[in-house]
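Asker:
In the working numbering, the protein residues as written are 188 to 541.
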């Protein structure tokens, strides 16, 4: 039997046209021209749409919240995107009105979406992409550890992460398609980390055992190390594709330096194999710029991940450093000092010396 032709799908991380992106995109500027070659020559481009249009009210339970404008969302047409995942922790930031406006724009642009809906019975519906006699099914979920803060009375439904239900959905979809891709908004325990949480690794392996052909993750703002399990590529987080500092109620939630490094991941689906590669880029202000030098940095973190996940105390030590020292390091960077300098200032405050 003649082998089916391969299908190339490229995936980008968090797409958020918030804050300074709004006037930039509304003016007609296109900050994505430099990175556009990475989004061409693919049968499908898939992105995670993090930021939706602003409505007349917001979800006050959620901090921080982000929004964009309907006009700015039209810039999605510059990215060659054919599918966006909406099961994110910001899907309800702008309530039903913001969601409806955003879905309306997606429809006008011919961009499919999954992972959220105004109808509870449709929220878990997969998206099936068919080309070259091959069917690829997509599932999308958001983990509650990412802090979605969606009230029970909300009229926007997000596909909430539930491992047993995910495994069953994979098994069911596998009977209808050739390949199954699971898109996950997860990793709240490891925000800004370069490695996934151990629980994510265990869950991902169960998804592969259930029939997943590939797993693509988002949320942590960082490009995280990947894992190949039973020849299945697992990318835990692709990092930010475009995301500005969040300004809300006179507070600024800045994007850290580690959140300015991302990757476009290409999966090539052939009959019996899935080839994969990463195209690194860096956010230069608001502009994503291809950066091949980042490959060596990603490789360095990958080697470290391959070590710590096999060391009993490796994960525990990493989580401690991530939650305790990394925020101090970031604070030091913001204030043009060092970790030692931060410690000295804290001691001075304790003893009333400064």
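The beta-carbon is built from N, C-alpha and C at its ideal position, and this holds for glycine as well.
Just the C-alpha distance for residue 189 and residue 365, rounded to the nearest angstrom, thanks.
Answerer: Low confidence applies to residue 189: its pLDDT is 48, below 50, so where it sits in the model is not reliable, and the reading given next is rough at best. C-alpha separation (whole angstroms): 16 Å.
Asker: Identify, in the order they occur along the chain, each residue of the same chain with its Cβ nearer than 8 Å to the Cβ of residue 209, setting aside the five sequence neighbours on each side.
Answerer: Hits under 8 Å: 255, 256 and 259.
Asker: Going along the chain, which residues of its own chain have a beta-carbon closer than 6 Å to the beta-carbon of residue 326, five neighbours each way excluded?
Answerer: Correct list, in chain order: 313, 356 and 369.
Asker: Along the alpha helix (DSSP H) that carries residue 422, what are the first and last residues, could you check?
Answerer: From DSSP, residue 422 is part of no alpha helix (DSSP H) but of the beta strand (DSSP E) over 419-422.
Asker: Check whether the region 421-435 and the region 373-385 touch, using three or more Cβ-Cβ pairs below 8 Å as the test.
Answerer: Yes: the two stretches touch, three or more of their Cβ pairs being nearer than 8 Å.
Asker: Report the three-state DSSP secondary structure of residue 255 (helix, strand or coil).
Answerer: Strand, per DSSP.
Asker: Return the first residue and the last residue of the alpha helix (DSSP H) that residue 286 is part of.
Answerer: That run of the alpha helix (DSSP H) goes 282-296.
Asker: Name the DSSP beta bridge partners of residue 348, please?
Answerer: None, per the DSSP bridge assignment.
Asker: Which ranges would you report for the beta strand (DSSP E) in the region 308-356 if only whole runs of at least 3 residues count?
Answerer: Within the region 308-356, the complete beta strand (DSSP E) runs of at least 3 residues are 314-318 and 321-329.
Asker: I'd like to check one pair, residue 338 with residue 252: are the Cβ atoms closer than 8 Å?
Answerer: No, they are not a contact pair.
Asker: Expressed to the nearest angstrom, what Euclidean distance is found between the alpha-carbon atoms of residue 348 and residue 402?
Answerer: Approximately 14 Å between the Cα atoms of the pair.
Asker: Have a look at 420, 202, 271 and 391 and flag the residue whose alpha-carbon is nearest the alpha-carbon of residue 315.
Answerer: Considering only alpha carbons, the answer is 271.
Asker: Would you call the CB atoms of residue 199 and residue 454 closer than 8 Å?
Answerer: In this structure, residue 454 does not lie closer than 8 Å to residue 199 by Cβ.
Asker: Alpha carbon to alpha carbon, how far is residue 219 from residue 237? Give it in angstroms, no decimals.
Answerer: Rounded to whole angstroms, residue 237 to residue 219 spans 17 Å at the Cα level.
Asker: Give me the Cα-Cα distance between residue 439 and residue 448, rounded to the nearest whole angstrom.
Answerer: Whole-angstrom Cα-Cα distance: 20 Å.
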